[in-house]
Every structure is written in structure tokens, then in C-alpha cells.
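The opening position of the sequence shown corresponds to residue 0 in numbering that gives the first Met the number 0, with each subsequent residue numbered one higher.
Even for Gly, the Cβ is constructed at its ideal location relative to N, Cα and C.
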Amino acid sequence: MNRTIDRLKLIFLGLFIVLSAGTLVYHVGWVWPGQKCEEAGDWWDWRSRTCASPILISDITGRVIKDDKSRAEAKADAAKVRAEQTPAAKPKAEAQP
Numbered sequence: 000m001n002r003t004i005d006r007l008k009l010i011f012l013g014l015f016i017v018l019s020a021g022t023l024v025y026h027v028g029w030v031w032p033g034q035k036c037e038e039a040g041d042w043w044d045w046r047s048r049t050c051a052s053p054i055l056i057s058d059i060t061g062r063v064i065k066d067d068k069s070r071a072e073a074k075a076d077a078a079k080v081r082a083e084q085t086p087a088a089k090p091k092a093e094a095q096p
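The following block contains the structure:
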């Protein structure tokens, strides 16, 4: 009985060490770089562990949005995305007499 308890103790200790090391490798290799990349406003691809900057399709193709309505919609969408990414300003507390 005593040998069984010692063996189980070592098995669980070894399992704990292996799982802890795996979790650490996962966080160091994928989670923390991904958070750092996304905080910078870039795109994180976890499969290839690549941090990439978004590129507009018009930059690749060389086309320009000529329609005023479409250009206004694109600018509104871009402003909306930027507003969602920036933290909301906290309103100042009013002084009470």
C-alpha cells in the first residue's frame, strides 16, 4: 500500500510539472505575443505566429474610391473602428458642495 501511494504521488507530481510547463510554453509562444500584437493594433495569426499590419485593398490594387458616397461610408466605418479600439474617456466626477 505504501509503495502504491508513493508511486501515485510521483505520477501526479510529474503530470503537474508537465502540464505546468506546457501551459508556460503556450503562453510564452502564443498568448503573450498575440496580446502584444493586438494591443499595437495589428493582426495576430496564431497558426503561423505572425504579427501583420492590415493593408488596404486600394493600396494593393492602386484603385481609388471615386464615388463620394462610398468614400464617405468607408471613412465612417474607419472612424467607427478607431473609436471602438480606443478606450473610452472617463467622465470627470463633479464636485459636490
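The DSSP assignment places 42-44 and 49-51 as complete runs of the beta strand (DSSP E) inside the segment 28-54, in order along the chain (cut-off: 3 residues). Taking the Cα positions, residue 13 is about 52 Å away from residue 76. Here DSSP, grouped into helix, strand and coil, assigns residue 8 to helix.
Taking a C-beta distance under 8 Å as the contact criterion, residue 43 and residue 37 qualify as a contact pair.
When rounded, the separation of the alpha-carbon atoms in residue 72 and residue 78 is 10 Å.
Nearest neighbour of residue 80 by Cα position, chosen from 61, 40, 60 and 67, turns out to be 40.
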